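K.L.:
All residue numbers for the sequence shown refer to the UniProt record's numbering, where the first residue is 1 and numbers rise by one. Using N, Cα and C, we set each Cβ at its ideal position, and we do this for glycine too. Predicted model, so just to flag it, every value in this text is computed and none were measured. First the structure, which I've put down as structure tokens, then a few questions once you've had a look.
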Amino acid sequence: MTIQWFPGHMAKAIRLIKESLNQVDVVIELVDARIPESSRNPVLDETVTDQPRVLVLMKPDMADPNVTKQWLQHYRDLGQTALTIDAKKNIGISELIAAVTELAEPKMEKLRKKGIQHRSVRAMIVGIPNVGKSTLINRLVGKNQATTGNKPGVTRKNQWLKVGKKLELLDTPGILWPKFEDQTVGLRLAATGAIKDERLDFSDVVLYLIRYMKEYYPKSLLERYKLQEEPEHDVGWFEEIGRKRGCLMGGGDIDFDATAELILREYRSEKLGRISLERPEQ
Ligand code: GDP
């Protein structure tokens, strides 16, 4: 599903999240470990003011492990609760449950003092499209609690899904828009697949990718495409890689679009390695 974010949609997304916020004790904010800042929503900070938040860096299996470590340290230095979850391999789930439980404890303590003893901790997941919200919900609740879809004529209400004995999760995650104002942020989102491809100029995205990799992962491109040395100009990378991979047009010229698409596909399927596109010091 393509979500086009018009001002009306943004307002509605925030309204829905605010409605749900009244019901939850903790917010679980998902970001992409390869671009933790670029994949955050610009107005979430203003929206979630009362609930504690845990920041989850998703898809760490695709990110540079050293950079992910730096990000976790960066967020912890800022006093935030941050952790990683590899939802594909199911790693980090118990850490998330423990973090949510801990963050909710002050509120639960208050409730206990009021005589409310056995209330579960309630949490909701928020994040931009494609960051892994549904995958994580499925991991948390297991298969046996399939969410009920829309039935004609029945107004769908949020439902609570049980996660173990002491935690409940809102079945509908909050879908947020990314920051698109900044050009570099847009390129990072595009490279990781957070922006729909039909709206992209692949060459721009791949040019960004090549420049970034030249600086931080100089060997990866050379090794992947078996190049002897770095081409002099950025365009040279397209030419060399296009030629190596046979991305040619009728007259034998390099097909730049096809080359760009190939490189982007290979980045997204980790054939270029585990590459993060954003660092805390940037
Ligand atoms: P949503 O739009 O936020 O609900 O995102 P989805 O849950 O549909 O996930 C988007 C894509 O990311 C799917 O192809 C998932 O398989 C993939 N995905 C989710 N979590 C992870 C993860 O931790 N690692 C990797 N490699 N892929 C993931």
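Could you check what DSSP says for residue 260 in three-state terms: helix, strand or coil?
P.N.:
By 1-based counting over the sequence shown, the position of residue 260 is 260. In the structure shown, residue 260 sits in a helix (DSSP, three-state: H, G or I).
K.L.:
In the structure shown, what three-state DSSP assignment does residue 214 receive?
P.N.:
Looking up residue 214 in the sequence shown gives position 214. The answer is helix: DSSP assigns residue 214 an H, G or I state.
K.L.:
Between the segment 97-110 and the segment 60-75, do at least 3 Cβ pairs fall closer than 8 Å?
P.N.:
Short answer: they don't touch.
K.L.:
Is residue 131 near the ligand GDP, judged by its Cβ being under 6 Å from some heavy atom?
P.N.:
Residue 131 sits at position 131 when you count from the first residue of the sequence shown. Checking every heavy atom of the ligand GDP against the Cβ of residue 131, one is found closer than 6 Å.
K.L.:
Using the beta-carbon count (16 or more within 10 Å), is residue 45 buried or exposed?
P.N.:
Numbered from 1 along the sequence shown, position 45 holds the residue referred to as residue 45. Residue 45 is exposed by the Cβ-count criterion.
K.L.:
Can the beta-carbon of residue 11 be found closer than 7 Å to that of residue 33?
P.N.:
The residue given as residue 11 occupies position 11 in the sequence shown. The residue given as residue 33 occupies position 33 in the sequence shown. Against a cut-off of 7 Å, the Cβ pair of residue 33 and residue 11 comes out as no contact.
K.L.:
In this structure, does DSSP put residue 248 in helix, strand or coil?
P.N.:
Translated into positions along the sequence shown, residue 248 becomes position 248. Strand, per DSSP.
K.L.:
For residue 25, collect the residues of the same chain with a Cβ closer than 6 Å to its Cβ; drop the 5 residues on either side in sequence, then sort them by chain order.
P.N.:
For this step, residue 25 is matched to residue 25 along the sequence shown. Hits under 6 Å: 104, 107, 121, 122.
K.L.:
Does residue 190 come out as helix, strand or coil in the three-state DSSP assignment?
P.N.:
Numbered from 1 along the sequence shown, position 190 holds the residue referred to as residue 190. Of the three classes helix, strand and coil, the one that applies to residue 190 here is helix, per DSSP.
K.L.:
Go to residue 45, then tell me how far its beta strand (DSSP E) extends in each direction, as first and last residue.
P.N.:
As a first step, residue 45 must be located in the sequence shown, where it is residue number 45. Premise fails: residue 45 lies in the alpha helix (DSSP H), 44-47, not in any beta strand (DSSP E).
K.L.:
Over what stretch of residues does the alpha helix (DSSP H) that includes residue 8 continue unbroken?
P.N.:
Counting from 1 along the sequence shown, the entry for residue 8 is found at position 8. Where residue 8 is concerned, the enclosing alpha helix (DSSP H) stretches over 7-21.
K.L.:
Is residue 169 helix, strand or coil by DSSP?
P.N.:
If you number the sequence shown from 1, residue 169 lands on position 169. Correct three-state label for residue 169: strand.
K.L.:
Roughly how many angstroms separate the alpha carbons of residue 28 and residue 234, rounded to a whole number?
P.N.:
Counting from 1 along the sequence shown, the entry for residue 28 is found at position 28. Counting from 1 along the sequence shown, the entry for residue 234 is found at position 234. Those two C-alpha atoms are separated by around 40 Å.
K.L.:
Taking 6 Å as the cut-off, is the C-beta of residue 59 nearer than that to any heavy atom in the ligand GDP?
P.N.:
As a first step, residue 59 must be located in the sequence shown, where it is residue number 59. Answer for residue 59: yes, Cβ within range of the ligand GDP.
K.L.:
For residue 77, report the span of its alpha helix (DSSP H) as first-last.
P.N.:
On the sequence shown, position 77 is the one that residue 77 refers to. Element bounds for residue 77: 65-77.
K.L.:
Pick from 97, 136, 131: whose alpha carbon is nearest that of residue 190?
P.N.:
Looking up residue 190 in the sequence shown gives position 190. Residue 190 has its Cα closest to that of 131, out of 97, 136, 131.
K.L.:
Buried or exposed for residue 49, please, with buried defined as at least 16 other CB atoms from any protein chain shown within 10 angstroms of its CB.
P.N.:
Translated into the one-based positions of the sequence shown, residue 49 becomes position 49. Looking at its Cβ environment, which holds fewer than 16 other Cβ atoms inside 10 Å, residue 49 is exposed.
K.L.:
According to DSSP, which residues form a beta bridge with residue 125?
P.N.:
Locating residue 125 in the sequence shown gives position 125, counting from the first residue. DSSP lists 28 as partners of residue 125.
K.L.:
Rounded to whole angstroms, what is the Cα-Cα separation between residue 166 and residue 97?
P.N.:
Translated into positions along the sequence shown, residue 166 becomes position 166. Translated into positions along the sequence shown, residue 97 becomes position 97. Between residue 166 and residue 97, the C-alpha separation is close to 10 Å.
K.L.:
Return the CA-CA distance between residue 311 and residue 15, expressed in angstroms with no decimal places.
P.N.:
The structure shown does not extend to residue 311, since the chain spans only 1 to 282, so no value can be given for it.
K.L.:
With 16 as the cutoff for other CB atoms within 10 Å, does residue 211 come out buried or exposed?
P.N.:
Working through the sequence shown from its first residue, we reach residue 211 at position 211. Exposed, because fewer than 16 other Cβ atoms sit within 10 Å of the Cβ of residue 211.
K.L.:
The alpha helix (DSSP H) that contains residue 133, what's its start and end?
P.N.:
What you label residue 133 is simply residue 133 of the sequence shown in a count that begins at 1. 133-141 is the extent of the alpha helix (DSSP H) around residue 133.
K.L.:
Grab the span of the beta strand (DSSP E) containing residue 161 for me, first residue to last.
P.N.:
Against the sequence shown, residue 161 aligns to sequence position 161. It spans 160-163 - the beta strand (DSSP E) in which residue 161 sits, taken as one unbroken run.
K.L.:
Between residue 176 and residue 160, which are expected to be in contact by the criterion C-beta below 8 Å, what is the C-beta distance as a whole number of angstroms?
P.N.:
As a first step, residue 176 must be located in the sequence shown, where it is residue number 176. As a first step, residue 160 must be located in the sequence shown, where it is residue number 160. Actually they are not in contact, since the Cβ atoms of residue 176 and residue 160 sit about 21 Å apart, beyond 8 Å.
K.L.:
Take the Cβ of residue 115 as the centre, count every other Cβ of all protein chains shown within 10 Å, and call the residue buried at 16 or more, exposed below.
P.N.:
Along the sequence shown, one-based indexing puts residue 115 at 115. Classification of residue 115: exposed, given that the 10 Å Cβ count is below 16.
K.L.:
With a threshold of 8 Å, are at least 3 pairs of Cβ atoms found where one atom belongs to the segment 240-258 and the other to the segment 273-280?
P.N.:
At 8 Å Cβ cutoff, the stretches do not touch.
K.L.:
Between 172, 269, 209, 178, which lies nearest to residue 284 when the distance is taken from Cα to Cα?
P.N.:
Past the edges of the chain, shown from 1 to 282, lies residue 284, and the structure says nothing about it.
K.L.:
Keeping to the same chain, check which residues put their C-beta closer than 6 Å to that of residue 228; ignore five residues upstream and five downstream.
P.N.:
Locating residue 228 in the sequence shown gives position 228, counting from the first residue. Closer than 6 Å at the Cβ level, and outside the excluded window around residue 228, lies no residue.
K.L.:
What is the rounded straight-line gap between the Cα of residue 207 and the Cα of residue 18?
P.N.:
By 1-based counting over the sequence shown, the position of residue 207 is 207. By 1-based counting over the sequence shown, the position of residue 18 is 18. Approximately 39 Å between the Cα atoms of the pair.
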